[in-house]
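Working notes, structure below.
In the working numbering, the protein residues as written are 1 to 128.
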């Protein structure tokens with residue numbers, strides 16, 4: 001069910017991005033259109049990163065299947081990959097938004113990186 005919802009969100013988000021960027025300009029679309037563009041980008045990135053994280057975790061488990069560890073390596077569940085991707089997908093959107101209102105320096109980039117690190121640590125500790 002989650003995979004279908006993510007796929008549908010990615011398709012709708014991509015179509016929205018294509019339509020907004022080809023049919024209008026930022027001055028004609030207004031603030032609501034710019035918000036829709038950022039939201040569509042976020043939804044699209046969530047889907048892409050979820051499937052990418054899930055595929056990478058399955059590949060890592062497959063590559064290390066002959067190596068024995070104390071606990072067996074298990075692939076990342078799609079739901080947990082979704083949780084991680086909600087934080088990871090927000091970083092590029094935040095950076096694009098910050099770039100649109102001013103420049104991005106080392107300080108701003110490090111704040112976004114700190115946000116991502118704290119979010120990943122929180123999710124890894126709170127989810128099973």
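The beta carbon of each residue, even a glycine, is placed where N, CA and C say it ideally should be.
Determine the contact status of residue i and residue j, defining contact as a CB-CB distance below 7 Å.
i: residue 42; j: residue 93; result: yes
i: residue 54; j: residue 81; result: yes
i: residue 84; j: residue 123; result: yes
i: residue 72; j: residue 57; result: no
i: residue 46; j: residue 87; result: no
i: residue 61; j: residue 91; result: no
i: residue 2; j: residue 78; result: yes
i: residue 50; j: residue 95; result: no
i: residue 98; j: residue 44; result: no
Taking only three categories from DSSP, how would you classify residue i?
i: residue 102; result: coil
i: residue 127; result: coil
i: residue 1; result: coil
i: residue 113; result: helix
i: residue 89; result: coil
Of all Cβ atoms in chain E, is any one closer than 7 Å to the Cβ of residue i?
i: residue 93; result: Here there is only one protein chain, and chain E is not present.
Problem set entry | 4 or more residues per run - each alpha helix (DSSP H) lying fully within the stretch 3-81 | Along the stretch 3-81, the alpha helix (DSSP H) occurs as fully enclosed runs of 4 or more residues at 26-63, listed in sequence order.
Exercise. Are the stretch 2-17 and the stretch 35-49 touching, with three or more C-beta to C-beta distances below 8 Å?
Worked result: yes
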